[in-house]
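Asker:
Protein chains: 4
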Amino acid sequence: MYRFSCDYSEGCHPRILKALAQTNLEQTAGYGKDPYCDRARELLRQAAQAPDADVHFLVGGTQANTTVIASLLRPHQGVLSAETGHIHVHESGAIESTGHKILPLPSSDGKITAAQVEEAINAHYADANYEHTVQPAMVYISHPTESGTLYSKAELTALSKVCRSYHVPLYVDGARLAYGLTAASSDLTLPDLAQLCDILCVGGTKCGALFGEAVMIFSSQWKGDFRYMIKQRGGMLAKGRLLGLQFLTLFTDGLYFEAAANANRLADKIRDALKKNGYPLLYGAAANQVFTQVSDSALDFLSSKYAFDLWGKPDADHTIIRICTSWATDEDAVGDLIISLQAAAK
Amino acid sequence: MYRFSCDYSEGCHPRILKALAQTNLEQTAGYGKDPYCDRARELLRQAAQAPDADVHFLVGGTQANTTVIASLLRPHQGVLSAETGHIHVHESGAIESTGHKILPLPSSDGKITAAQVEEAINAHYADANYEHTVQPAMVYISHPTESGTLYSKAELTALSKVCRSYHVPLYVDGARLAYGLTAASSDLTLPDLAQLCDILCVGGTKCGALFGEAVMIFSSQWKGDFRYMIKQRGGMLAKGRLLGLQFLTLFTDGLYFEAAANANRLADKIRDALKKNGYPLLYGAAANQVFTQVSDSALDFLSSKYAFDLWGKPDADHTIIRICTSWATDEDAVGDLIISLQAAAK
Amino acid sequence: MYRFSCDYSEGCHPRILKALAQTNLEQTAGYGKDPYCDRARELLRQAAQAPDADVHFLVGGTQANTTVIASLLRPHQGVLSAETGHIHVHESGAIESTGHKILPLPSSDGKITAAQVEEAINAHYADANYEHTVQPAMVYISHPTESGTLYSKAELTALSKVCRSYHVPLYVDGARLAYGLTAASSDLTLPDLAQLCDILCVGGTKCGALFGEAVMIFSSQWKGDFRYMIKQRGGMLAKGRLLGLQFLTLFTDGLYFEAAANANRLADKIRDALKKNGYPLLYGAAANQVFTQVSDSALDFLSSKYAFDLWGKPDADHTIIRICTSWATDEDAVGDLIISLQAAAK
Amino acid sequence: MYRFSCDYSEGCHPRILKALAQTNLEQTAGYGKDPYCDRARELLRQAAQAPDADVHFLVGGTQANTTVIASLLRPHQGVLSAETGHIHVHESGAIESTGHKILPLPSSDGKITAAQVEEAINAHYADANYEHTVQPAMVYISHPTESGTLYSKAELTALSKVCRSYHVPLYVDGARLAYGLTAASSDLTLPDLAQLCDILCVGGTKCGALFGEAVMIFSSQWKGDFRYMIKQRGGMLAKGRLLGLQFLTLFTDGLYFEAAANANRLADKIRDALKKNGYPLLYGAAANQVFTQVSDSALDFLSSKYAFDLWGKPDADHTIIRICTSWATDEDAVGDLIISLQAAAK
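Protein chains in written order, with my numbering: chain A, 1 to 346; chain B, 1001 to 1346; chain C, 2001 to 2346; chain D, 3001 to 3346.
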């Protein structure tokens, strides 16, 4: 059975394993104070054209989100997020465990708009007893979103403008950032993100690393004491160089983007095949996640050969599935899948 | 410069790298539900002779400690620990960040006694207003301790007995467990620990893994819903198999113990050399951590060739240092160090 | 201007002031260990026909809700509540500040149903990755609700049955309990509540006391160590007798119910007048809260003489208002209001 | 039996009860937005000669301490306190429940010094891995202290200077402030405190009120959004005027100070009698708390007529007791006590 269920089914890009092997018995300082981390930080700053950014490496995504949000908010403050946001629905209450309410905004495609954020902030202060409700003090988005959609540069610029006018930091969770930035339909670049958001998480786990996320803090206001926060939240790896080495490898010779572009190309092939065979393409998802709806009999047939993520049942006879490619996806497996999708469509 | 400063200066035991490479492009389920994790769990249960233990893999030590303690305590409860306990002095307030006070007990060698625990619990309830103070509801020890000392089987049995008579769970942080169990002076085994404590953290990071800690829960009372806690605290690795593979390797053919025994042997050589040359051996440390005191001029000389951890200044002219060996320590480097120590002693 | 905006505009029932004055210079033990608290506890147990209930007095409602919920839940657990629940929308994130997510259920009238609770619990466990989401582990309702509605005995019995079958405790926030139990349309009694829920908050602040809420814990499972929790959450009044004296007075000669019944009678008069004059009665609110919709010109006229709580704007020209009576409401003021409502209706 | 065990055995100063009775049926806005609160705020500002201070009223001391500390600290920060500080030993872990570690400093008399604070801060940053420990970011003292001692103006000035040079706010818990400021040996005034500290809690509960503490924030840096924090922590009384009325009464015609001065006078009489009869006066306590040591046979005799707070057993045959006077202490009871102390001394 071939897994199209997620982008973390395999280990890591072979170049990373090689880098780990080559440096394995070297001795370095711990906790991210080694030369590999330093060089990786420098490469990330260059890629983002953000020479003053602080760059920190954390182990995982839930950890990165929690550490960033807990670092920014005071106790009475909450974070605005799409109701489908990962922090709201798939992190076991990690944000709340740090004392903060997530303030969900309705969303049909995983994105939120500048107008929604502005309205939520205004509505808060319009209440005579606003101090009895949680203060919206931060905006969380993911790019790509949980639904696989992408913010356009215009949308993100509008969001950024509202956030800045209300002095509310904008945090972008880029767990799948590599795929987002290299999608055919994307007009956003890493330097754009560095300009438009205050804090960015550059995902490694789903983008070719064994594990690891890089948090880039662009606004000096939010830089202070972040390493304490990482340590307190359990994200400061003793052998921090493992994170440095991985990001160093990913950001050398554009591997991060190249591997993702290939995954997107394969996802686009699947999308083409679905369209041709009458399957709907849902949510407007781009990049490496493909959402479609299949009859349950088709699903039975397909499930004997492939694993997908089940995304819900719109009615008694159909299921929404997610098909996910990655840096590791086998092109032949995609070819087989396309043949199976044709067969199941009949 | 050769680092004797800690046991996490290198990567991992070569057999682990090999296992990662061999399985790298295999597809598995995420979040610790893969066959490698299952087999590793089974090996740990066998090694501990605890067939009913729950075994969970987490990324790091602060994370493991925080997750275990937050999982066990109700909000008004605290955890008894040596005042030198890692959770009290080196985790940036991680335990407090989950709402719990650490109740420190005085300790000159990193250990606490059954009598101290009993006295603390009795003193709490003897106060007419005991509800105005934090309830001692859990005991944290590390083995080896922060001072490199080891509990004897008799000491741990006494501690366990007190804990059970007061219905207070006993948690053992074994970040360096491999070294502790294979020290020449140790009379404790892994099955002993499984019998005497309620929860045990079997350290990987400092014992040959790239990263990773295995939490073994022996008492059924504390097993429930632990995976939610791991996820909430950011410890559930998407590619969970990385943890499984590492512990599988470490617990195959006794690698975990063999590699540690070698580190202990080298530490014992250093101890012998120190003794011969008139350096004091501090705290009664056994296993892979060696504490001694050197004059600052000796330190200057030694520091040009070796890195140590500085442990404090007892007076203006002397420094306490920690010399640490590990699974990766080079025997020749130890030989050189011994020569340097002789030279510095003169 | 006469305030119909809430039920806490005045001080307290004169009998309470008298009790405070009569006992003012008596010396008693602090922290709720005095004879007045003991007698008040006994009267509450009698009124609820719950001889084994634990009774605790806390200062305010947010405090009571937070203390109860934090006492019951483990870190990964959340509380099901109507999306309009007071804990979700009017307590500044107090519940989240203790680390717990509120799991909101849709509600048009402030109530939630047994079926909704059952569905939410089943949906949670139906997710293959349920450990990545917050576990529904408690149910919060208020009686009366935020919308002034009342649970029938049948509805509460169904809710209780579902909660017990899933081992999920049911907590009833009775900030306005006196009004709820004495509403003409109510078929629930205090002993019914004691049978059907696990924990009940018997409101004092809005029901004739200066301040104070009595938490009754009926299920022995949830009784342990609650006084620690009160102290930790800042709810243990040094002069605890002030709370005891107030509840003692309220539960002597049925004052609690008598005073509320009078407020309900006046609210019913207002409801009759609204109906006669063509104003809608919203939500099905019973007891002492009356919700209606008025044109903004009518509101301008009325607001010169009365204060109401503004509950939202359904369209550009209308406003939903809440008219609230209490134990202190002046019958003449109600008469005047009715005349004004007639005038405004024209 | 007459209680000398604490200063909260009675209700409140009769003038407060009168004020409550006179205004009982007036209608006011809730949550501290009423004219009585406004006038009380103004009187407090005048008394402190701090026209720009923000003044908030909270219900109790644990609540005030917790709200202030949680409002000021970021997650990785802790609060320096004497090891005997109320927050450290008598608040059931309330501070830790908000996620913060208390960093205790040794103290034999309840006070801490400027030198201790400076040393603690310097020691923190001297650690190469300082990010692995909790950052000292705030100083908590009480005046009078738990041991009844008073800071001199010189001591507090030195403490203030160190705090400001390290940008660490200084919070003074004045639960018994009235007694402290009117003690014969005190050279500190309320305006001094307003100049020297950043935040001050002016105690009501132990100084003549039924309940209530006034938090004065002098530094604009710490003023923002404090009302949210009060609401979240359960300290925002619906009938907020009850707090306003009490502080209005206490700060009219100097009642706050006058009542306390009388309590101090009676405590001084007891101190004189103790001295004359050979009892030790412990800790250097001034103001309304008197600490002495009695033989257990003397204690048996005295306990038949008086209640004291037991403060520990220095040896098998003696007990340290606290004798506390208050605004309500009966002069005749003090006379009787003095006779009993003479009798017990023989």
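Think of the CB as a built atom: it goes at the ideal place given N, C-alpha and C, for glycine as much as any other residue.
Alpha carbon to alpha carbon, what distance is there between threonine 157 of chain A and glycine 1032 of chain B?
Answerer: Taking the straight line from one Cα to the other gives about 39 Å.
Asker: By the 10 Å Cβ neighbour count, where 16 or more other Cβ atoms means buried, how is lysine 3313 of chain D classified, buried or exposed?
Answerer: Burial call: exposed.
Asker: Would you mind working out which of D/Ala3260, D/Asp3317 and D/Phe3301 sits nearest aspartate 3007 of chain D, comparing C-alpha positions?
Answerer: Among D/Ala3260, D/Asp3317 and D/Phe3301, the Cα nearest to that of aspartate 3007 of chain D is on D/Ala3260.
Asker: Could you check where the beta strand (DSSP E) with methionine 3216 of chain D kicks off and where it finishes?
Answerer: Methionine 3216 of chain D -> beta strand (DSSP E) spans 3213 to 3217.
Asker: Round the Cβ separation of glycine 203 of chain A and glycine 85 of chain A to the nearest angstrom and send it over; I've been treating them as touching at under 8 Å.
Answerer: 15 Å between Cβ atoms; not a contact.
Asker: Can you check the region 3158 to 3190 of chain D for any alpha helix (DSSP H) of at least 4 residues that lies completely inside it and give the ranges in chain order?
Answerer: Fully enclosed alpha helix (DSSP H) runs of 4 or longer: 3177 to 3181.
Asker: Check the DSSP bridge columns for arginine 3322 of chain D and list the partner residues they point to.
Answerer: Answer is D/Phe3291 and D/Asp3309.
Asker: Once the 5 residues before and after alanine 2019 of chain C are set aside, which same chain residues still bring their CB inside 6 Å of it?
Answerer: Counting only Cβ-Cβ distances below 6 Å, and skipping sequence neighbours, we find Leu2245 and Thr2249.
Asker: Report, in whole angstroms, the separation of the C-beta atoms of asparagine 3264 of chain D and serine 3326 of chain D, which I expect to be a contact under 8 Å.
Answerer: So it is not a contact: roughly 10 Å between Cβ atoms.
Asker: Taking the alpha-carbon positions, what's the glycine 3174 of chain D to glycine 1208 of chain B distance?
Answerer: Answer to the nearest angstrom: the Cα atoms are 54 Å apart.
Asker: Ordered along the chain, which non-local residues of its own chain (more than five positions away) have a Cβ less than 7 Å from that of tryptophan 3311 of chain D?
Answerer: So the list reads Phe3291, Ile3320, Ile3321 and Arg3322, once near-sequence residues are dropped.
Asker: Helix, strand or coil for leucine 20 of chain A per DSSP?
Answerer: Here leucine 20 of chain A sits in helix by DSSP.
Asker: For tyrosine 3043 of chain D, I'd like the list of residues in its chain whose CB is within less than 8 Å of its CB, leaving aside the five on either flank, ordered along the chain.
Answerer: Before going further, note that residue 3043 of chain D is leucine rather than tyrosine in the sequence given. Contacts found: Phe3247, Leu3248, Phe3251 and Thr3252.
Asker: Comparing C-alpha positions only, which one of A/His76, A/Thr149, A/Ala82 and A/Thr28 sits nearest to arginine 347 of chain A?
Answerer: Residue 347 of chain A falls outside the range modelled here, since chain A spans only 1 to 346, and no answer is possible.
Asker: Report all residues from its chain with a CB closer than 6 Å to the CB of aspartate 1336 of chain B; omit the five preceding and five following residues, and keep chain order.
Answerer: None.
Asker: Note down, in chain order, every chain D residue with its Cβ under 8 Å from the Cβ of valine 1134 of chain B.
Answerer: By Cβ distance, chain D contributes Ser3092, Gly3093 and Glu3096.
Asker: Near aspartate 2198 of chain C, which residues of its chain fall below 7 Å by C-beta distance, leaving aside the five closest residues on each side in sequence?
Answerer: For aspartate 2198 of chain C, where only same-chain residues beyond five positions count, the Cβ hits under 7 Å are Pro2169, Leu2170, Tyr2171, Phe2218, Ser2219 and Trp2222.
Asker: Can you pull out the residues from the region 3304 to 3329 of chain D whose beta carbon lies closer than 7 Å to at least one beta carbon of chain B?
Answerer: Answer in chain order: no residues at all.
Asker: Could you confirm whether any beta carbon from chain B is found closer than 8 Å to the beta carbon of threonine 182 of chain A?
Answerer: No, threonine 182 of chain A lies away from the interface with chain B (no Cβ there is under 8 Å from its Cβ).
Asker: List the DSSP bridge partners of proline 136 of chain A.
Answerer: Proline 136 of chain A pairs with A/Gly78.
Asker: Does the region 2111 to 2130 of chain C come into contact with the region 2144 to 2160 of chain C, if we say contact requires no fewer than three beta-carbon pairs (one atom in each stretch) closer than 8 Å?
Answerer: Segments in contact, yes.
Asker: Please list the segments of the beta strand (DSSP E) lying wholly inside the region 2017 to 2063 of chain C, counting only runs of 3 or more residues, in order along the chain.
Answerer: DSSP runs (the beta strand (DSSP E)) wholly in the region 2017 to 2063 of chain C: 2054 to 2058.
Asker: Could you tell me the alpha carbon to alpha carbon distance between tyrosine 2 of chain A and lysine 305 of chain A, rounded to whole angstroms?
Answerer: Straight-line Cα distance between these residues: approximately 6 Å.
Asker: Taking only three categories from DSSP, how would you classify tyrosine 151 of chain A?
Answerer: Tyrosine 151 of chain A falls in the coil class under three-state DSSP.
Asker: Just to confirm, are leucine 3092 of chain D and histidine 1124 of chain B a CB contact at a threshold of 8 Å?
Answerer: Note on residue identity: the sequence assigns serine, not leucine, to residue 3092 of chain D. No, the Cβ-Cβ distance between serine 3092 of chain D and histidine 1124 of chain B is not below 8 Å.
Asker: Would you please state the rounded distance, in angstroms, between the beta carbons of tyrosine 215 of chain A and valine 59 of chain A? I believe it to be under 8 Å.
Answerer: With the sequence shown as reference, residue 215 of chain A is identified as valine, and tyrosine is not the correct amino acid for it. Not confirmed; about 11 Å, so no contact.
Asker: If the criterion is Cβ atoms closer than 8 Å, does the pair threonine 3149 of chain D and alanine 3040 of chain D meet it?
Answerer: No. Outside cutoff.
Asker: Applying the 10 Å Cβ sphere with the 16-neighbour rule, what's the burial state of isoleucine 339 of chain A?
Answerer: Exposed: under 16 other Cβ atoms inside 10 Å.
Asker: I'd like the list of long-range same chain contacts for threonine 1066 of chain B, defined as Cβ closer than 7 Å, with 5 residues on each side in sequence excluded.
Answerer: Here the set comprises Ala1094, Ile1095, Thr1098 and Arg1233.
Asker: To which residues does DSSP link tyrosine 2 of chain A through a beta bridge?
Answerer: The partner list for tyrosine 2 of chain A (beta bridge, DSSP) reads A/Tyr306.
Asker: Is there a C-beta anywhere in chain D that falls below 8 Å from the one on alanine 238 of chain A?
Answerer: No, because no Cβ of chain D sits closer than 8 Å to the Cβ of alanine 238 of chain A.
Asker: Between D/Met3229, D/Ser3107, D/Leu3282 and D/Ala3316, which has its C-alpha nearest glycine 78 of chain A's C-alpha?
Answerer: When each option's Cα is compared against that of glycine 78 of chain A, the closest is D/Met3229.
Asker: For a quick check, are the C-beta atoms of glutamine 293 of chain A and tyrosine 283 of chain A less than 8 Å apart?
Answerer: Cβ atoms of glutamine 293 of chain A and tyrosine 283 of chain A: not closer than 8 Å.
Asker: Using a cut-off of 9 Å between C-beta atoms, extract the partners of leucine 3073 of chain D located in chain C.
Answerer: Neighbours of leucine 3073 of chain D on chain C: none; closest Cβ ~14 Å, over 9 Å.
Asker: Rounded to whole angstroms, what is the Cα-Cα separation between asparagine 361 of chain A and aspartate 2300 of chain C?
Answerer: The structure shown does not extend to residue 361 of chain A, since chain A is modelled only from 1 to 346, so the question has no answer here.
Asker: Residues in the same chain with beta-carbon distance under 6 Å from tryptophan 2101 of chain C, minus the five sequence neighbours each way, listed in chain order, please.
Answerer: Going by the sequence as given, residue 2101 of chain C is lysine instead of tryptophan. Gly2078 and Val2134.
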